[in-house]
Structure formats: C-alpha cells, structure tokens
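All remarks here apply to the structure that follows.
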Ligand code: HAM
C-alpha cells in the first residue's frame, strides 16, 4: 500500500490556516498600500547564482540550506559527470530561500529604477524554502510577506519602513507588550571591514574555546559568530568588540537620524549592537522584531534592513535598497499564544434543501440563481433526508436554509428557515434574494 506524507518541515494550508494566511495578506495589502507599495510575484525558483551572489556564499542559507532544482535530464547529466558544473548557469536552479535577491534580479531585468526615477516600492507574499533542522517555528517551507524599496537612502525611509512593519503587526493585533523591536547599524563598506577584522582577531584569540564552525568564520564571515547556536560560543561573543563605536561619521549620522525619526513616531526599540542578521547583503540599518510569547526559541517574527550594495552584487547599477520580511507561521504561533484568531469564522452560506429527490432540478436552478446574486450557496448532492440536510447546513455554517417541496414549487415560493432563530417563513421566489440579504444583515 502506498503511504505518502508531506515532506518534513512543510505544512498543508487549508481551512483555518488558509483563512489566516489570506487575512494576513489582506492586512498587508491595506497597510503597505497606504505607503505606496504594489504587489509583485517573482518565480519560486531562480538561478543559483542569484542567491550565491546576492545572499553570499559564506551564509548558512546558501551554503547548507538551499534546495537545488534539476530537470530530470539535467540531474542525470550532473550525476554522470559527478558535478553540476557542466550545466549552463540557466540550468542550475534553486528554490528561493528568501525574496530579496530574486527581487533585485527582477528589478534589474525589468528596470524598476530608471535613471533619475522615483524609488520603487513593492511587496510580495509566498513560500520560501530552507533546508534547516526542523523545530517549532522553523520549517523547510514557510511563508513570508516581504517589502522592498529601491532607489533611496534617506534615513527617513528606513524609519518609514520600520514604522510600517510595526503598524502591520499592530493591525494583526500584537501590542507593544507582545513584541520587541531590535535595531542596529552594521556600518558600510568604509567602516565595516575594519570592524570585521577586529571581530576576526577576537575569534582567533579565543579560537581554542570556540566551535569548529566559528573558527572557520574568523576567515569567512566573522560577524556570524554572534549568532552561533553553540551556547559556549555565544557566551564568549558577549565580550567581542561591538560596532557601536566604530561606525564612520556618515553611518553614525544616518543611524542617529533613523532613531530620531522613530522617536518622533513614538516607536519603541532596543538597540542591539550584536544584531548582524544572517544574510550578507545588509549594511547600515538592520532590525528584527521578536515575539515575547508563543514562538519558543525561534522568536524572530520579522526582520530586515538596508542593502545598498545588493544591486551591484547581482549585476545591476549601484542602487540603495531597504526592506523586511515577516514569517507567517511564526506570527501565527505568537497570535495563538495571546488568543488572537486571525482566521475568523468559517464563511457562512445559504443552504438549499429539498423534501423530495424529484426536486433535484429545481434545487439546481435555485442554487445557480442565488450564486448569481452573490450568495455562497450549498445543497445536498447525496440524497440525504431532510433532517440530515439541516444537519449538513449547520455544519456548513448556513445562516438560512431554503426548503423546496412540491407545494413551494407549485406556488413559486420557498420556505426560509433562519438557522439561528429556527423561524420559518414562506417567501416568493422572486423576493428571496432581498429577503436573504435582510437575514444576512440580521434584520430577519
Ligand atoms: P529573514 O530574517 O531570513 O530575512 O526572514 C524573515 C522572517 O522569515 C523571519 O523573521 C522569520 O519570521 C521567517 N523565517 C525565516 N526562516 C524561517 C523558517 N525556517 N521557518 C519559519 N519561518 C522562517 C529575510 O528573509 C530577508 N529577505 C528579509 C529582507 C527583505 N531584508 C530586506 N528585505
């Protein structure tokens, strides 16, 4: 017998979880729309090079977690040759682990930021894929809603993007007590290299006490050591040099201005000079929002930052950028913990019941007419008794059940049973749509 299961770390979205995902996207469209953002959908897979150049080859996301995609023929060839290096760049594909690198590729290909043009503001919602160790709040296929702005580097924009993020969380029902906004500046190409060298030297000085991964990080990506999962390394890194005092004048002024705008807007934040983020494209402003309940160890429900160098990394002209992404599944854990039901009730419907199987055609036609009027309409397709049709109507969340019998058909009427009050009223077929609207509004 076949015994098929969903892949580890993936979930089927339907019913409540699908309604919650749809509502979250609706709230995103509402809030982000006010700030001038339009929806974009980029492919779920991209050339591997988009991610290696954009996110960075020394990041865990690219090095260990990327799901590779091959057509059958290309996989055979790679297996025969013992490597995929013989394939063309366009044949070496991966499922997107995040949305920003693919967005940057799309921005170049479609000239979203023409010379001298206004900043481009877009948002997306969809699945992302990372081959991580699965645990609560950490999946292999998860859903993000992300926003990106290209073409401006003013600190007011950084603040606006962060304010928009906090407003989005607020609209979902999270309050100041349910989350913490962490903020840092990672410096830019002129001041970060000096800081990186200092952290690398610190790791080398403590190498003997640190994990093998961190030893390697001293050469490849020393700042990642701040996020090492090994508790001993984390303890050592508490004494590592911090970027705070090492920002160049421009970066320090930019960071100060961002904080000033956030203060003006009354947005609470905690400065965290060890916040370095797991993707290589960031510079200057970075931020993360941690939920205070429900999510367990994976508490980041959203994060982002400025990536002024990314467009060049993926083959474009120098173009500043900033954005963030939030994780649907983690937000749901935190909303569940504080008792917020984002899914809302299942949709209600009108149920058309019949007293006799011979009235099947009349039911069919009445259903079509009601759907044309805009009602979600259900009926029995299994020749159930009237009693079980009523039960079914209850299960389907019907607000009214229309009962068709021979008498009703002869007199061009239907009996409308209000499922809440159980009152029954005879209504002429030509008036039934208006009557049902009044039932929906609670006036009948
Ligand atoms: P990120 O911090 O890697 O940033 O992911 C953003 C959010 O996605 C996280 O805060 C978390 O809520 C969720 N998330 C990440 N990995 C997982 C996972 N394995 N399972 C469940 N949820 C997860 C980015 O992806 C950047 N592209 C954000 C950005 C946009 N930066 C600039 N623009």
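Residue numbers (my numbering): 9 to 452. Backbone N, C-alpha and C fix where the C-beta goes; we use that ideal spot for every residue, glycine too.
- Remark: the C-beta of residue 309 is in contact range of ligand 1, defined as less than 7 Å to any heavy atom.
- A direct Cα-Cα distance of roughly 19 Å separates residue 73 from residue 99.
- The beta carbon of residue 165 sits closer than 8 Å to those of 127, 157, 330, all from its chain and outside the five residues before and after it, given in chain order.
- Taken from the Cβ of residue 334, at least one heavy atom of ligand 1 lies inside 7 Å.
- For the pair residue 69 and residue 102, the CB atoms are not nearer than the 8 Å cut-off.
- CA-CA distance, residue 367 to residue 414, rounds to 8 Å.
- In the three-state DSSP reduction, residue 262 falls in the helix class (H, G or I).
- Residue pairing by DSSP puts residue 46 in a beta bridge opposite 130.
- For residue 448, the three-state secondary structure derived from DSSP is helix.
- In this structure, ligand 1 has a non-hydrogen atom nearer than 7 Å to the beta-carbon of residue 108.
- By the CB criterion at 8 Å, residue 298 and residue 187 fall inside the cutoff.
- At the C-beta level, residue 136 and residue 104 come within 8 Å of one another.
- In this structure, residue 182 places its C-beta atom within 8 Å of the C-beta atom of residue 342.
- By the criterion of a C-beta distance shorter than 8 Å, residue 355 is surrounded in its chain by 384, 405, once the five residues flanking it on both sides are discounted.
- Between ligand 1 and residue 152, a heavy atom-to-CB distance of less than 7 Å is present.
- Taking non-hydrogen atoms of ligand 1 into account, the C-beta of residue 140 is found less than 7 Å away from one of them.
- Residue pairing of residue 154 in beta bridges, as defined by DSSP: 132, 333.
- 8 Å or more divides the Cβ of residue 318 from the Cβ of residue 52.
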